[in-house]
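Numbering (the numbering used here), first residue to last: 773 to 870. What follows is one structure encoded as structure tokens, with my remarks underneath.
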Amino acid sequence: MRRQHFSSQQLFVLRNHIPIDTLIEKHLKIPSKFSEGFFRFLCPVCNEFQTATNPRTNLGRCFRCERNFNTIDMVMICQGLRFVECVKYLQSISNHCQ
Ligand SMILES: [Zn+2]
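Here's what the structure looks like:
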């Protein structure tokens with residue numbers, strides 16, 4: 773299965789159903805902390821804490837790398853999984869949340 777086999781609706785759910793903070797802290801177990809009102813995580817790319825998450829868009833951002841991470845990006849980078857495996861990983865978490 774490739775990316776095209778997932779509907780945009782399915783992918784939207786996966787990017788938004790699981791709070792990015794929860795994914796980072798509980799599932800991926802990335803070091804994180806709460807400071808100045810923001811949830812900050814150790815950037816998996818540069819290993820710095822110059823990050824924040826945005827609950828409204830459900831994205832993590834690294835100010836040093838100047839890039840945003842959605843839940844799929846996060847799993848892909850941290851777990852070294854391919855796209856389809858990331859989707860399955862997120863689906864299994866999502867099922868447990870309900
Ligand atoms: Zn970074």
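Virtual Cβ for every residue (Gly too), placed ideally from N, Cα, C. Keep in mind it's a predicted model, so treat the numbers as computed, not measured.
Q: Tell me whether Arg836 counts as near ligand 1, meaning its Cβ is closer than 6 Å to at least one heavy atom of that ligand.
A: Residue 836 sits at position 64 when you count from the first residue of the sequence shown. At least one heavy atom of ligand 1 is nearer than 6 Å to the Cβ of Arg836, so yes.
Q) Nearest-angstrom Cα distance between Val856 and Ile844? A) As a working mapping, residue 856 is identified with position 84 in the sequence shown. As a working mapping, residue 844 is identified with position 72 in the sequence shown. Computed Cα separation, rounded: 10 Å.
Q: Taking only heavy atoms of ligand 1 into account, decide whether any of them is closer than 6 Å to the Cβ of Cys815.
A: Start at 1 with the first residue of the sequence shown, and residue 815 comes out as number 43. Checking every heavy atom of ligand 1 against the Cβ of Cys815, one is found closer than 6 Å.
**Q.** Reduced DSSP secondary structure (H/G/I, E/B, other) of Lys860
**A.** Taking the first residue of the sequence shown as position 1, residue 860 is located at position 88. DSSP places Lys860 in helix when its eight states are reduced to three.
Q. With distances taken between CB atoms, is the gap from His777 to Ile865 smaller than 7 Å?
A. Translated into positions along the sequence shown, residue 777 becomes position 5. Translated into positions along the sequence shown, residue 865 becomes position 93. Cβ atoms of His777 and Ile865: not closer than 7 Å.
Q | Run of the beta strand (DSSP E) containing Leu786, from where it starts to where it stops | A | On the sequence shown, residue 786 is found 14 positions in, with the first residue counted as 1. Run containing Leu786: none in the beta strand (DSSP E); it sits in the alpha helix (DSSP H), Ser780 to Asn788.
Q: Below 8 Å on the Cβ atoms is my guess for Leu862 versus Ile790; work out the distance and round it to an integer in Å.
A: Start at 1 with the first residue of the sequence shown, and residue 862 comes out as number 90. Start at 1 with the first residue of the sequence shown, and residue 790 comes out as number 18. At roughly 6 Å, the Cβ-Cβ gap stays under 8 Å, so Leu862 and Ile790 are in contact.
Q | CB-CB length for Thr823 against Arg812, believed under 8 Å | A | The count along the sequence shown starts at 1 and reaches residue 823 at position 51. The count along the sequence shown starts at 1 and reaches residue 812 at position 40. Contact holds; Cβ gap of about 5 Å.
**Q.** Pairwise C-alpha distance: Ser780 and His868
**A.** Residue 868 sits at position 96 when you count from the first residue of the sequence shown. Residue 780 sits at position 8 when you count from the first residue of the sequence shown. Each residue's Cα considered, the two are about 22 Å apart.
Q) For the putative contact between Phe833 and Asn842, defined by C-beta atoms under 8 Å, what is the C-beta separation to the nearest angstrom? A) Locating residue 833 in the sequence shown gives position 61, counting from the first residue. Locating residue 842 in the sequence shown gives position 70, counting from the first residue. What sits at residue 833 in the sequence shown is Arg, not Phe. Between Asn842 and Arg833 the Cβ distance is about 11 Å, and since that is not below 8 Å, they are no contact.
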